[in-house]
Amino acid sequence: MTKVHDEVLAANQNYAKDFGDKAKLPMPPARRFAILTCMDARLDPAKFAGLAEGDAHVIRNAGGRASDDAIRSLVISHKLLGTNEWFVIHHTDCGMETFTDEVMRALLRQSLDTAQIGPGGWKDVGKVPGSSEGDFIDWLTIKDQAESVTADVKRVRSHPLVPSDVPVYGYIYDVKSGMLIDVPAATKAGRV
Ligand SMILES: [Zn+2]
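Those letters in the sequence shown? Residues 17 to 208, by the working numbering.
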């Protein structure tokens, strides 16, 4: 087993030692809201949004995009578990701004190994073979954070499975300050 594997299990043992009343938490989020955000390792929604276990749903993917699967989770979050306000939070310096579908597809066709980014953009240095399966995936890349968060709030807002009385807020998390910055066009689009 790897060092990371062992560290994770050790941390978990420590966490479970003081589990206490968390064993009694109900499944529906106590504060009845959900956050859709990016998987970026610098973002910790529990910390930046003040969440404790049992408080809220946090749905994460690359970019915090309103993909079909993110919408699936949000619909379950409301329909079965009672959340009734949602935040869509993209962030500054997102990796999804560093490539396009074409770039990702070309990298994957060359090799599945981790690529490298330099001043000229992404470059493949992999040894293992690649695959053209990436051609069939919409990677949901981002050109402009305010635009992407607004587009995603609009998509959630206008989705036929999303009820019109669930407000959807659009924010950009600033990785330099930890602040959530309001995106007025997104917030307007997400109004009930
Ligand atoms: Zn990101």
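We put the CB at the ideal spot given by N, CA and C, even for glycine.
All of these numbers come straight from a predicted model, not from anything done at the bench.
Which first and last residues belong to the beta strand (DSSP E) in which residue i is found?
i    : result
F49  : Premise fails: F49 is in no beta strand (DSSP E) and is neither H nor E.
V104 : 102-107
G186 : 184-189
G134 : 132-134
Got a sec, what are the start and stop residues for the alpha helix (DSSP H) residue i sits in?
i    : result
R125 : 117-126
D84  : 84-95
P200 : 200-205
Using a Cβ cut-off of 7 Å (strictly closer), state whether residue i contacts chain B.
i    : result
S193 : Considering every chain present, this structure includes no chain B. It has just one protein chain.
Flag this pair as yes or no: are the beta carbons of residue i and residue j separated by less than 7 Å?
i    : j    : result
G70  : A50  : no
P179 : E101 : no
G9   : V169 : No answer is possible for residue 9: the residues shown for the chain start at 17 and end at 208.
R81  : L196 : no
M208 : D181 : Reading off the sequence, residue 208 comes out as Val, not Met. In this structure, D181 lies closer than 7 Å to V208 by Cβ.
W138 : L123 : yes
R76  : T53  : yes
Please determine if the region 57-64 and the region 31-45 are in contact, where contact requires at least 3 C-beta pairs separated by less than 8 Å.
-> Counting Cβ pairs under 8 Å, fewer than three are found: no touch.
Taking 8 Å as the threshold, find out whether the region 102-122 comes into contact with the region 160-169 through three or more Cβ pairs.
-> Note that the region 102-122 touches the region 160-169; at least 3 beta-carbon pairs, one per stretch, sit closer than 8 Å.
Inspect the CB distances between the region 137-157 and the region 100-109 and report whether three or more fall short of 8 Å.
-> Counting Cβ pairs under 8 Å, fewer than three are found: no touch.
Completely contained alpha helix (DSSP H) runs for the region 26-72, where each covers 4 or more residues = Complete alpha helix (DSSP H) runs here, min 4: 61-64.
How about the region 20-32 and the region 72-89: do they share at least three Cβ pairs that are nearer than 8 Å?
-> The answer is no - the region 72-89 does not touch the region 20-32, with fewer than three Cβ pairs under 8 Å.
What runs of the beta strand (DSSP E), each 3 residues or longer, lie entirely inside the region 136-160?
-> Qualifying beta strand (DSSP E) stretches, in chain order: 137-139.
Near ligand 1, which residues have their beta-carbon closer than 5 Å to a heavy atom?
-> With 5 Å as the limit, the residues whose C-beta approaches any heavy atom of ligand 1 more closely are C54, D56, C110, in sequence along the chain.
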